[in-house]
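Number of protein chains: 2
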Amino acid sequence: MSKNEKVAKHPVISSRRPLANTGIFRIEEMNLEFSNGQTRCYQRIVGSNEGAVLVVPMPDPQTLLLIREYSAGMERYDLAFPKGRVEFGEDLLDAANREIQEEVGYGAHRLDKISSVTVAPGYLYHSTHIVLARDLYNQRLPGDEPEPIEVVRWRLADLEDLLHREDFNEARSIAALFMIREWLEKEQKPL
Amino acid sequence: MSKNEKVAKHPVISSRRPLANTGIFRIEEMNLEFSNGQTRCYQRIVGSNEGAVLVVPMPDPQTLLLIREYSAGMERYDLAFPKGRVEFGEDLLDAANREIQEEVGYGAHRLDKISSVTVAPGYLYHSTHIVLARDLYNQRLPGDEPEPIEVVRWRLADLEDLLHREDFNEARSIAALFMIREWLEKEQKPL
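Chains A and B, in that order, are what the protein sequence lines are.
According to this note's numbering, the first sequence is numbered sequentially starting from 314.
According to this note's numbering, the second sequence is numbered sequentially starting from 314.
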């Protein structure tokens with residue numbers, strides 16, 4: 314934090330109450346009082362404390378593995394990196410290794426957590442951990458997907474072509490793509 | 314699309330019904346039949362058709378403007394690019410110009426749409442349009458924020474330091490940061 318930045322005093326949450334619980338989504342209402350006395354009533358969707366993992370599997374230093382599957386939220390097939398929920402009590406790297414075995418058909422001997430990102434911090438309590446998976450080995454675990462997932466290989470050097478595709482537009486996957494490239498470039502640099 | 318990629322046949326949505334409507338969030342249940350005969354019941358959150366804008370304001374070719382504000386979803390102050398909903402019937406570049414006048418205190422003579430991204434396509438119907446705003450001028454519109462928004466200037470060249478900050482972790486802002494850098498680099502290149 315640079316010296317000209319102020320540290321904001323957090324608002325006080327004066328009350329919160331559940332509004333809806335659909336079995337999948339839990340929505341709560343929060344009444345907040347900001348440090349200047351202003352009050353607001355917000356709603357938010359409460360995800361799991363464990364969050365999710367998004368995994369970038371690389372079978373070799375030049376290649377990424379993406380998956381194409383149906384996105385019920387958008388009602389279309391999308392290309393993205395494999396992802397899934399971290400189960401309660403599960404280590405996030407174990408979750409990453411499980412997800413790629415279920416969705417891509419590989420396990421990884423080498424897993425690095427690159428970053429944790431949020432998707433809609435204004436109204437969604439949720440974090441996604443971005444994991445780079447390398448030293449892959451063939452291993453398939455049964456998943457709960459309704460149809461076989463198509464795995465698409467992409468060269469990291471062709472990043473720009475991927476960004477131009479109509480079906481590659483999930484913000485977490487785009488962020489992961491660039492962060493992985495930076496991470497790998499840094500790894501290559503001599504100290 | 315490369316020639317070895319299949320075109321997936323979309324599942325049939327056999328029924329959908331509203332599950333909850335909190336005034337802010339609308340949740341619906343969908344029954345789907347995939348082309349292989351498998352059926353699934355999914356829930357999704359339905360956002361507005363107009364979507365949102367995320368704006369990257371640049372007062373000069375080296376500088377980005379970020380805002381720090383309270384994120385009720387995550388219960389903390391976060392650093393991100395200004396964003397907001399596109400109103401019904403509003404042009405998305407007009408929405409971008411309005412948002413930065415409300416949140417940053419500038420309007421822009423030059424607005425370019427860079428891309429549209431999704432945030433959680435598996436369970437959220439929502440798109441965010443990323444807009445680059447340049448040729449800024451002083452202009453403030455009243456917003457609905459509970460407290461003054463802090464504006465933070467950042468040098469594009471210091472992108473890596475920004476990524477290392479604890480409070481900069483929203484996937485759309487990270488994706489926008491890299492996409493803007495690519496866009497600007499391409500603009501600089503002679504044809």
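Idealized CB from N, CA, C, for every residue including glycine.
What does the Cβ neighbour count give for E412/B, buried or exposed, with the cut at 16 atoms within 10 Å?
buried
Using a cut-off of 7 Å between C-beta atoms, extract the partners of F491/A located in chain B.
F491
Mind checking if L437/A is an interface residue toward chain B, Cβ cutoff 8 Å exclusive?
yes
Please report whether the beta-carbon of F347/A lies at a distance below 8 Å from any beta-carbon of chain B.
yes
Can you find at least 3 beta carbon pairs, one from the stretch 402-409 of chain A and one from the stretch 441-459 of chain A, that sit closer than 8 Å?
yes
Using C-beta distances below 8 Å, list every residue in its chain close to V465/B, excluding the 5 sequence neighbours before and after it, in chain order.
L378, L379, I380, R381 and L392
At a CB-CB cut-off below 9 Å, which residues of chain B make contact with P374/A?
Near P374/A there are no residues of chain B at all, since even the closest Cβ is about 20 Å away, more than 9 Å.
Thinking C-alpha only, which one of S361/A, T352/A, P503/A and E483/A is nearest E400/A?
S361/A
In terms of residues, what are the limits of the alpha helix (DSSP H) holding E415/B?
L405 to E416
For H439/A, count the other beta carbons within 10 Å of its own beta carbon; 16 or more makes it buried, fewer makes it exposed. Which is it?
buried
Going by the DSSP bridge assignment, what does A393/B pair with across the sheet?
I380/B
Verify the CB distance criterion: does V444/B have a CB-CB separation below 8 Å to chain A?
no
To the nearest angstrom, how far is the alpha carbon of A433/B from that of S348/A?
32 Å
How long is the line joining the alpha carbons of L472/B and Y390/B, rounded to whole angstroms?
20 Å
With 16 other Cβ atoms within 10 Å as the buried cut-off, status of E479/B:
exposed
Heavy atom of the ligand ZN less than 7 Å from the Cβ of P324/B, yes or no?
Of ligands this structure carries none, so the ligand ZN is not represented either.
Collapsed DSSP secondary structure at N326/B in the structure displayed
Asn is not the amino acid found at residue 326/B; the sequence shown has Ile there. The answer is strand: DSSP assigns I326/B an E or B state.
Would you say Q290/A reaches chain B, if we count a Cβ-Cβ gap shorter than 8 Å as a contact?
In the structure as shown, chain A begins at 314 and stops at 504. Residue 290/A is therefore absent and cannot be evaluated.
Closer than 8 Å to chain B by CB, G386/A
yes
Beta carbon of E460/A, beta carbon of Q351/B: below 8 Å?
yes
What residues from the stretch 410-426 of chain B come within 7 Å of chain A, judged by C-beta to C-beta, listed N to C?
none
If you reduce the DSSP assignment to three classes, tell me which class K499/B lands in.
helix
Taking only beta-carbon atoms, is I462/A less than 8 Å away from chain B?
no
How would you list, in chain order, the residues of chain A whose beta-carbon sits under 8 Å from the beta-carbon of V430/B?
N482, E483, A484 and I487
With H, G and I counted as helix, E and B as strand and the rest as coil, what does DSSP make of E388/A?
coil
Taking Y436/B as the reference, which of S328/B, T335/B and R339/B has the closest Cα?
R339/B
Between G397/B and the rest of its own chain, which residues show a CB-CB distance below 6 Å, the 5 nearest in sequence each way excluded?
E412
Scan the stretch 435-490 of chain A and note each continuous beta strand (DSSP E) run of 3 residues or more that stays entirely inside, going in chain order.
441-451 and 463-468
Taking only beta-carbon atoms, is A470/B less than 8 Å away from chain A?
no
Spell out whether any CB of chain B is found under 8 Å from the CB atom of L454/A.
no
What number of angstroms, rounded off, separates the C-alpha of I462/A from the C-alpha of E346/B?
16 Å
Just to confirm the assignment, what range does the beta strand (DSSP E) spanning N349/A have?
Run containing N349/A: none; DSSP gives neither H nor E here.
Just tell me which of L497/A, F491/A and W496/A has its CA closest to the CA of E495/B.
F491/A
Give the range of the beta strand (DSSP E) segment to which A421/A is assigned.
Y419 to V430
How is the beta strand (DSSP E) around P370/B delimited, first residue to last?
A365 to P370
If we ignore side chains and look at the alpha-carbon of each, how far apart do I358/B and P374/B end up?
38 Å
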